[in-house]
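Read the structure below first, then the notes.
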Amino acid sequence: MKFYFAPMEGITGYPFRNTYEAFFSGIDKYFTPFISANDSFSYQDRELRDVDPSKNMVPFLVPQVLTNDAEMFVSAIKMLTERGYHEVNLNLGCPSGTVVAKNKGSGMLRDPDRLDEFFEETYGYLDREGIKSVHISLKTRIGIYDEAELSNLIPVFNRYPFSEIIVHPRITKEFYKGSVHLEAFEKCFTELKVPVVYNGDIFTLSAYEKLCTRFPSLHTVMLGRGLLMHPSLLREIKGGEAATVKELKAYHKALLTAYLPEMGSEKNTLFKMKEFWDYLSKDFEHSERYLREIRKATDMTAYKAAVRNLFAGCPLRREDL
C-alpha cells in the first residue's frame, strides 16, 4: 500500500510538511495546498515559496492547482515544470462556497460537458507548448448535489490520460460531514481506467482496516485530517508504536520553530498554531478545557503555558488506535 498526505489549505504548507516528515515519515507523496492560477498569470509569494524545491525536504511533492481555465492551468504547469516538477494535481474537490461559486474546485463538476472541454483544451495547449514530461492527476469529489452525477463524470475522466485520480467520495454540499459514499467509490474504483486513490475519513487504524477489507485490491490511500489528529497513525497502520507525549512535545516545538520565520510574526504564528491544535487536541483525552486556554492566548508566553498545561493534564487518547 502507498500513502499520500492530503493538501489542506492554510495548514500543510512546507513548514508543516518538513516537520511531519522529520518526525514520522512514511508518506510516499505529499501534495501542496492549491496554487490559484489566475488571469494575471502571476502567483503570490507565499505560493511560490511553498513550491520552492529548496524549501521542501520531503521525498516526493506534487503541487496542486486550482483553476477553471485551461490556458491558466497550462501556464501554471509550465511554471512548475521549470522548477523541476513532473506531476501536477488539479483540484476538483474544494467544497468552499466562494470557490464553487466561481465554478472552480468541485464547482467544475457541475457541468460535465464544460469539464470535458477544459481537459481537451488543456491537453491541446500542452501539445502545442511541447510539454510532454508532466503527469496530470486529479483530486475530485463525486458530484455537486447527488452521487448519481458520477455517472456523467466517469466517461469524461476516462477520455484523458491522467496519471491517477484521487476520489473523496462525498458531494460538494456535504463538505466533510456525514458518512462517505463507499458505493460511489466502488463505482470509481471499478469503472475508471486509470489508477484510483481513496481519500476520506481514515482517522483510526480500524477505519483503515475496514477500508482494506472492503477493497482488498486498493493500492493507495490518501490521509489528511487523520494525520493531523493522530500524527503517528500511519506508523501504527504499518505496525509501529503510537506517539508518546515526549515525542509530541518535540514535534510541537519543532513545528512552532518552523512556522515562526514563514509567518513573519509571533501573532501570525499563534493563529497558525491554534489551528494546528484544533486537530492535535483530538489525540488527547479531556482536552477541551486546555484547548480553550490555547485559543484564548494572546501572546507566545501565554500560549506556551497553555500548551504545557495540556501536555501535563491530558492523557493520550488510545481507544480504537
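In short: position in the sequence shown from 1, add 1403, done, that's our numbering. Note that CB positions come from ideal geometry on N, CA and C, so glycine has one too.
Bounds of any beta strand (DSSP E) do not take in TYR1662; it lies within the alpha helix (DSSP H) bounded by 1648-1666. When DSSP states are grouped into helix, strand and coil, ASN1561 belongs to the coil group. Comparing alpha-carbon positions, the option among ASN1671, ASN1494, ILE1438, TYR1433 lying closest to ILE1568 turns out to be ASN1494. Listed in chain order, the non-local C-beta contacts of LEU1529 below 8 Å within the same chain comprise VAL1477, ILE1480, LYS1535, VAL1537, local neighbours out to five positions each way being set aside. Here DSSP, grouped into helix, strand and coil, assigns ILE1414 to coil.
DSSP, read as helix, strand or coil, puts ILE1430 in coil. Per the C-alpha coordinates, the member of ALA1700, PRO1564, ARG1486, ARG1628 positioned closest to LYS1580 is ARG1628. Inside the region 1453-1507, DSSP marks whole alpha helix (DSSP H) runs of 4 or more residues at positions 1473-1485, 1500-1504, from first to last along the chain. As computed with DSSP, LEU1719 is found in a beta bridge with PHE1687. LEU1626 and GLU1523 have their C-alpha atoms roughly 30 Å apart. In this structure, the beta-carbon distance from TYR1407 to VAL1583 does not fall below 8 Å. According to the DSSP assignment, SER1540 belongs to the beta strand (DSSP E) that extends over 1538-1543. Contact between the region 1689-1698 and the region 1655-1662 is absent: fewer than three C-beta pairs spanning the two stretches fall below 8 Å. Following the DSSP letters along the chain, one finds LEU1626 inside the beta strand (DSSP E) bounded by residues 1623-1626. For PHE1714 and ALA1645, the gap between their C-alpha atoms comes out near 16 Å.
Per the coordinates, the alpha-carbon of THR1607 lies some 21 Å from the alpha-carbon of LYS1649.
When secondary structure is reduced to three states using DSSP, ASN1671 falls in the helix class. The three-state secondary structure of ILE1547, taken from DSSP, is coil. Segment contact: the region 1420-1427 against the region 1454-1467, three or more CB-CB distances shorter than 8 Å; contact assigned. Within the DSSP secondary-structure output, ILE1534 pairs in no beta bridge.
In the DSSP assignment, ILE1605 falls outside any alpha helix (DSSP H) and carries neither an H nor an E. Listed in chain order, the non-local C-beta contacts of SER1509 below 7 Å within the same chain comprise LEU1495, GLY1496, CYS1497, PRO1498, VAL1503, ARG1544, ILE1547, THR1575, local neighbours out to five positions each way being set aside.
The distance from the Cβ of LEU1553 to that of LYS1507 is about 20 Å, inconsistent with a contact at the 8 Å cut-off. Of the residues assessed, LYS1432 falls on the buried side of the cut-off, its CB having 16 or more other CB atoms within 10 angstroms. If you check the CB distance, LYS1675 and ARG1698 do not come in under 8 Å. Judged by their CB atoms, GLU1665 and MET1703 are not nearer to each other than the 8 Å cut-off. PHE1437 is bridged by DSSP to nothing; it lacks a bridge partner. In terms of CA proximity to ARG1486, LEU1451 leads the group LEU1451, LYS1505, MET1511, LEU1541.
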